[in-house]
Amino acid sequence: MKKIIIFLAAVLLFGISLARAADNTQLPAGLYNMPINNPIDELVLARLKNLSIPLSELCSDEVFLRRVYLDVLGTLPRPEEVRLFLADRGPAKRSRLIDELLEREEYSDYWAMKWGDLLRVKSEFPSNLWPNAVQAYHRWIKKSLKDNLPYDQFARALLTSSGSNFREPPVNFYRVVPRHDPEKTAEFATLVFLGARAQKWTPEQCLAMAAFFTRIDYKKTGEWKEEIVYYNPAGQLSNPATVQPQQPGVLGEKIEIPPDTDPRVVFADWLTTPDNPYFSRNIVNRVWYWLLGKGIVEEADDIRPDNPPQNPELLDWLAQELVTHKYDLKHIYRLILNSTTYQLSSVPNQYNAADEVNFSHYRVRRLDAEVLIDALCRITGTGETYFSRIPEPFTFIPPQQPAITLADGSIDSSFLALFGRPARATGYLSERNNESSATQRLHLLNSTHIQNKIYRSQFMRRMVKTNQDDGQLIKLIYVLVLSRLPEDAEYAAAREYARNSGLNRDEATGDLMWALINTKEFMFRH
Amino acid sequence: MDEQYNSGIPNKTRRDLRRCVIFGATALMLFNWPGSSAQADPKPARAKSVIQIWLWGGLSQLDTFDPKPEAGHDYCGPLNKTIATNVPGIRIGQKLPLLAQQADKYSVIRSMTHGISSHETAAYAVQTGHMPDDGPVYPSVGAVVSLYKGYDAGYTGMLPPYITITESQGRFPESGFLGWRYSPFCTGGDPNKTPFLVEGIVAAGISAQRQNERRALLHNLDTLGRKMSDNPQFKKMDEYENKAYELILGDEGKVFDLSTEDSDLRDKYGRNTFGQSCLLARRLVERGVPFITINYKGWDTHKQHFQTMNKMLPELDNGLAALLQDLSDRGLLDTTIVWCGGEFGHTPKIDWEAPWNGGRGHWGDVFSIIVAGGGFQGGRVVGASNEKGMAVKERPVYPWDLTGSIYELMGIDPDGFLPHPEGLKLRLTPGPGEAKSGGRLKEIMK
């Protein structure tokens, strides 16, 4: 049913874009003016021209700064970072900032969080990695990102490692599926490395894929919760139809396993061959989704022949770039972030508001739960309490520790649950829910949790005390919360509130901060 | 780890089943199975609301509803006496004198079983009515009721359709594959405090006038929101904001103000968090909220077991007895299911040695719960455990037998299918042959 609706909606949208194409033959020519920063822009623009969908404007420096911090670091820029960037009159300052951010510590924190969602890094339920292994696994993922380990090597480590879950962290890849069923393991590997749902394949294809994962075995050691993952040549899967050993294969292609060879290695070889398009297309599409909120194939982790990319040339070009740059993921980030496409305003014009999939404007998305709480903590100078219900040695989380750095999906808070942090139960992108809800709205507008953060903030009180001029204070709050100075009308409204509300300066400033936190500009990437 | 799953379904059967699911999934999506629409022909609802009193850590059955005074000191410890109830022939533990006087209103199930002894997997089994395995994560009963009795089903209340007092139980994702729209609203705060600060609804020290002025300031400063007022996500935010203020400033939110209740009645419930949570639950039922969980912590008693029982059982006795009486006095018990229990029971044989020094561990082989109201008869005992309370003696009741019975009384077809994002056909309760079953609780359903 849902599929039918989506299909009808697609037909309808297509119809609308056709109708618009007919209407807009007289579009002002300037609407397609776009600085071409790299081939991404050529390919996106070609598509948009084809569909007669004009672009939005280039976003302002203020918007770009906030956007790129949130998208690359999951963290707000600090006021001094805002001032420095806005004051910089040098050429290519956006490019320089991108390079700088990709080297920051928060880059690996934030992306380890995203990879933790996909790899389902969590102590318990439904996966059962347990705390020690989770910490080791998370450290390994973070370090791989920090060192920019080439993506093919990253994949190979996850797929082919053997050893202790504590000492050889990537083996935890195979401990996520609770009862180590080869077919479930195959589904997981398919999702992670091919961006596809094996559940939608034929039973034969599923079985062939599962045959790669039949010679993995597990044993306990004397140490509590330690587990060794190793190659056991005896394992095999028989095909229930033929009652013969099942031959491995991917997507209809049969693959021979030489004698005495770990089939996982054969699979990794197949996967990371430079001319394997499935592997590179999947990851560039995923990165695109992460940065722009929609995949070139959408849903971004449901790649299959009957769900084609809306811009195949763009997908192929990015995939090729990844391969020719030796699987350097930061190269792909850099290409996307430097493109004009990424730097377009989120404010649509009268012609492109309906466009959801062609990247004519930047897509607004509510901040991730972790990013949102970190931002709230940052601007109020407060901390958070996180807890795990599992008796584990890592439950003391210092209050100032950002949520994006939490290693374990089982370490939680009610805020994170309320704002749609993924349960890491499936690894699907859709598990992270950035939709809004009425209870979230209640929470930000009126909860004791948020009230205390704002109105009991020592940090804010100090700021009020050291800035006796109301005008100056308003500007400070704006830069702190929204990473920009107020517009004239905003400034006037805030001043009037400070003057006429009858509240003392602490309270009135608290109300200003409360109001800004509750604007869409604060809550959304934009 | 694996042994704990064995008592549900034999390993072999489960593997076969899984295989069926894998091979069947594609086929199922192509064929419209007869009876596949979830709510084809539900029986009329007897119950309108459910109050789930969740004893986090599990209720110790031998000390409460399944006493075994004959089993001796190693099993009973200091709690070795039973008391008569107002139903001839039913005796319960000595620490529950008030509940003894309400026994005609509830039935005791002494043969709950699933065989799991880990908190998270046992909680999952009891709250979802499905055994944990490596398949999809099912939603809890509360989330399912929220789906079929909440906003999608014409519920129009301002209060969320599934409310948890005060914190989520949080050991597994409660809404499962249904998605978080069906997760509970957690009140936070402490209903035994004045004011009871309900997250988002009641904030201390902000007057209605200031709420309005502050809100006007927010609208003045929502510059991006105005520039993109047609954005569908932004429109939703505005809609939710309006709803939120109706709760913050309107009358519906006053349901959380317990100070308007009669002081003697409040005393009866017990002036503690649990007692006042029970009182709040009744008020929410009066407002038509279909599912309420009271998440009552502190029942995981590996150590200091009897000291804890001496403190907790009187609290439970007060609050639950007052709730049953009050619901009954107001004519609400007939349409309100109250069930009370935890993820498992406790080890019948006491651990006297260090470091436990008189503690009880986890016991999933057999444990007790009580059910009342909403079409469940009172004054009955279902099933029995064996001599020392170690195993089921007769009439096993599996978690899905319980959840299926609750669904049935709520007018939700337990044999229907849940909507799954990938289109998998997944039943509300395991189908015939998919899991051992003692059958739904027909013997106590009116």
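Protein sequence lines, in the order shown, are assigned to chains A and B.
If you're matching positions, the first sequence starts at 139 in our numbering and goes up one per residue.
If you're matching positions, the second sequence starts at 33 in our numbering and goes up one per residue.
Even glycine gets a Cβ: it sits at the ideal position worked out from N, Cα and C.
Task: Any C-beta of chain A under 7 Å from that of Leu253 of chain B - done: For the purposes of this step, residue 253 of chain B is taken as residue 221 along the second sequence, with counting starting at 1. True, the Cβ-Cβ gap to chain A drops below 7 Å.
Open item on the list: With three or more beta-carbon pairs closer than 8 Å as the criterion, would you say the segment 229-240 of chain B touches the segment 457-466 of chain A?
Closed with: Touching, no.
TODO: Measure the CB-CB distance between Thr479 of chain A and Ile178 of chain A and report whether it falls below 7 Å.
DONE: Residue 479 of chain A sits at position 341 when you count from the first residue of the first sequence. Residue 178 of chain A sits at position 40 when you count from the first residue of the first sequence. Against a cut-off of 7 Å, the Cβ pair of Ile178 of chain A and Thr479 of chain A comes out as a contact.
Task: Sub-7 Å separation of Pro462 of chain B and Trp432 of chain B beta-carbons - done: In the second sequence, the residue the question calls residue 462 of chain B occupies position 430. In the second sequence, the residue the question calls residue 432 of chain B occupies position 400. Yes.
Open item on the list: Would you say Phe288 of chain B lies against chain A (beta-carbon separation less than 7 Å)?
Closed with: Counting from 1 along the second sequence, the entry for residue 288 of chain B is found at position 256. Phe288 of chain B has a beta carbon lying at 7 Å or more from every beta carbon in chain A.
Task: Proximity to Met344 of chain B [Cα-Cα], best of B:Ser92, B:Ala79, B:Gln84 and B:Ile83 - done: If you number the second sequence from 1, residue 344 of chain B lands on position 312. For Met344 of chain B, the nearest C-alpha among the options comes from B:Ser92.
Task: Short-range partners of chain A found in the segment 267-288 of chain B, where Cβ spacing is below 7 Å - done: Along the segment 267-288 of chain B, going in chain order, the ones with a CB nearer than 7 Å to a CB of chain A are Lys268, Met269, Tyr272, Glu273, Lys275, Ala276, Leu279 and Ile280.
- [ ] Using a Cβ-Cβ cut-off of less than 8 Å, list which residues of the segment 646-659 of chain A approach chain C; keep chain order.
- [x] Looking for chain C here will not work: the only protein chains present are A and B.
- [ ] On a CA-only basis, which of B:Gly393, B:Arg303, B:Ala386 and B:Arg203 is nearest Glu347 of chain B? Give me that one, please.
- [x] Locating residue 347 of chain B in the second sequence gives position 315, where the first residue counts as 1. Closest by alpha carbon: B:Arg303.
Open item on the list: Looking at chain B, is there any beta carbon in it that lies within less than 7 Å of the beta carbon of Tyr629 of chain A?
Closed with: In the first sequence, counting from the first residue as 1, residue 629 of chain A sits at position 491. Taking CB atoms only, Tyr629 of chain A has no neighbour in chain B less than 7 Å away.
- [ ] Grab the span of the beta strand (DSSP E) containing Met25 of chain B for me, first residue to last.
- [x] Here chain B has residues from 33 to 478 only, and residue 25 of chain B is not among them.
Task: C-beta neighbour in chain A for Arg78 of chain B, strict 7 Å - done: Here residue 78 of chain B refers to the residue found at position 46 when the second sequence is read from its first residue. At least 7 Å separates the CB of Arg78 of chain B from every CB of chain A.
Open item on the list: Looking at the secondary structure, which residues open and close the beta strand (DSSP E) in which Cys372 of chain B lies?
Closed with: Here residue 372 of chain B refers to the residue found at position 340 of the second sequence. Segment Thr368 to Gly373, the beta strand (DSSP E) holding Cys372 of chain B.
Open item on the list: Is there a C-beta anywhere in chain A that falls below 7 Å from the one on Phe217 of chain B?
Closed with: Indexing the second sequence from 1 puts residue 217 of chain B at position 185. In terms of beta-carbon proximity, Phe217 of chain B lines the interface with chain A, with at least one pair separated by less than 7 Å.
Task: Buried versus exposed call for Thr462 of chain A [16 or more other C-beta atoms within 10 Å across all chains shown] - done: One-based indexing of the first sequence puts residue 462 of chain A at position 324. The residue is exposed, with fewer than 16 neighbouring Cβ atoms inside 10 Å.
Open item on the list: Once DSSP output is grouped into helix, strand and coil, what is the label at Asp262 of chain B?
Closed with: As a working mapping, residue 262 of chain B is identified with position 230 in the second sequence. Asp262 of chain B falls in the coil class under three-state DSSP.
Open item on the list: Determine whether the beta carbon atoms of Leu253 of chain B and Ala295 of chain A lie at a separation below 7 Å.
Closed with: Here residue 253 of chain B refers to the residue found at position 221 of the second sequence. Here residue 295 of chain A refers to the residue found at position 157 of the first sequence. No.
- [ ] Following the continuous alpha helix (DSSP H) through Ser81 of chain B, name the residue where it begins and the one where it ends.
- [x] The residue labelled residue 81 of chain B in the question sits at position 49 within the second sequence. Run containing Ser81 of chain B: none in the alpha helix (DSSP H); it sits in the beta strand (DSSP E), Ser81 to Leu87.
Task: Any chain B beta carbon closer than 7 Å to Ser585 of chain A - done: On the first sequence, residue 585 of chain A is found 447 positions in, with the first residue counted as 1. Answer yes: the Cβ-Cβ gap between Ser585 of chain A and chain B drops below 7 Å somewhere.
Open item on the list: Between which residues of its own chain and Ile612 of chain A is the CB-CB distance below 8 Å, once the five residues before and five after are set aside?
Closed with: Start at 1 with the first residue of the first sequence, and residue 612 of chain A comes out as number 474. Cβ neighbours of Ile612 of chain A beyond the five flanking positions: Pro624, Tyr629, Ala632, Arg633, Ala636 and Leu650.
Task: 8 Å CB neighbourhood of Asn342 of chain B in its chain, flanking five on each side removed - done: Locating residue 342 of chain B in the second sequence gives position 310, counting from the first residue. Taken in chain order, the residues that qualify are Lys127.
TODO: Could you have a look at Ser178 of chain B and say whether DSSP puts it in helix, strand or coil?
DONE: Taking the first residue of the second sequence as 1, we reach residue 178 of chain B at position 146. Residue state for Ser178 of chain B is assigned as helix, using DSSP reduced to three classes.
- [ ] Kindly say whether Val206 of chain A, judged by its beta-carbon, lies nearer than 7 Å to any beta-carbon of chain B.
- [x] Locating residue 206 of chain A in the first sequence gives position 68, counting from the first residue. Val206 of chain A does not count as touching chain B.
Task: Secondary structure of Tyr289 of chain A, DSSP reduced to three states - done: Within the first sequence, the letter at position 151 stands for residue 289 of chain A. The three-state secondary structure of Tyr289 of chain A, taken from DSSP, is helix.
- [ ] Kindly list the residues whose CB is nearer than 8 Å to the CB of Val182 of chain A, restricted to its own chain and excluding five residues on each side of it in sequence; keep chain order.
- [x] Reading the first sequence from its first residue, position 44 is the one you call residue 182 of chain A. Contacts found: Asn449, Leu452, Ser477, Thr479, Asn496 and Phe497.
Open item on the list: Going by C-alpha to C-alpha distance, which of B:Arg247, B:Asp270, B:Arg246 and B:Leu249 sits closest to Gly257 of chain B?
Closed with: As a first step, residue 257 of chain B must be located in the second sequence, where it is residue number 225. Minimum Cα-Cα distance from Gly257 of chain B among the listed residues B:Arg247, B:Asp270, B:Arg246 and B:Leu249 corresponds to B:Asp270.
Task: Near-chain B residues of the segment 596-628 of chain A - C-beta to any C-beta below 7 Å - done: Under the 7 Å Cβ criterion, the segment 596-628 of chain A contributes Glu625 and Glu628.
- [ ] Indicate whether at least one CB of chain B lies closer than 7 Å to the CB of His581 of chain A.
- [x] Walking along the first sequence from the start, residue 581 of chain A turns up at place 443. Look at His581 of chain A: its C-beta is under 7 Å from a C-beta on chain B.
TODO: Give the straight-line distance between the Cα atoms of Asn162 of chain A and His664 of chain A, rounded to the nearest whole angstrom.
DONE: Walking along the first sequence from the start, residue 162 of chain A turns up at place 24. Walking along the first sequence from the start, residue 664 of chain A turns up at place 526. Bear in mind that a pLDDT of 45 at Asn162 of chain A, under 50, signals an unreliable position, so the number given afterwards is only what the model happens to contain. One Cα belongs to Asn162 of chain A, the other to His664 of chain A, and the distance between them is close to 27 Å.
TODO: Tell me, please, whether the CB atom of His162 of chain B is closer than 7 Å to any CB atom in chain A?
DONE: Taking the first residue of the second sequence as 1, we reach residue 162 of chain B at position 130. Closer than 7 Å to the CB of His162 of chain B there is not a single CB belonging to chain A.
Open item on the list: Taking the alpha-carbon of Glu273 of chain B as reference, which of A:Phe660, A:Val259 and A:Asn656 has the nearest alpha-carbon?
Closed with: For the purposes of this step, residue 273 of chain B is taken as residue 241 along the second sequence, with counting starting at 1. Of all alpha-carbon atoms in A:Phe660, A:Val259 and A:Asn656, the one lying nearest the alpha-carbon of Glu273 of chain B is that of A:Asn656.
Open item on the list: Please classify Asn303 of chain A as buried or exposed, where buried requires at least 16 other C-beta atoms within 10 Å of its C-beta.
Closed with: Looking up residue 303 of chain A in the first sequence gives position 165. Asn303 of chain A is buried by the Cβ-count criterion.
Open item on the list: With DSSP as the reference, identify every bridge partner of Phe323 of chain B, one or two as the case may be.
Closed with: Counting from 1 along the second sequence, the entry for residue 323 of chain B is found at position 291. Bridge partners of Phe323 of chain B: B:Val82 and B:Tyr194.
Open item on the list: Any beta carbon from chain A within less than 7 Å of Gly232 of chain B's own beta carbon?
Closed with: Reading the second sequence from its first residue, position 200 is the one you call residue 232 of chain B. Answer yes: the Cβ-Cβ gap between Gly232 of chain B and chain A drops below 7 Å somewhere.
TODO: Determine the contact status of Thr305 of chain B and Gly174 of chain B, defining contact as a CB-CB distance below 7 Å.
DONE: If you number the second sequence from 1, residue 305 of chain B lands on position 273. If you number the second sequence from 1, residue 174 of chain B lands on position 142. Their beta carbons are not under 7 Å apart, which means Thr305 of chain B does not touch Gly174 of chain B by this criterion.
- [ ] Might you give, ordered along the chain, the residues of its own chain that have their beta carbon closer than 6 Å to the beta carbon of Glu306 of chain A, omitting 5 neighbours on each side?
- [x] Start at 1 with the first residue of the first sequence, and residue 306 of chain A comes out as number 168. Result list for Glu306 of chain A: Ser299, in chain order.
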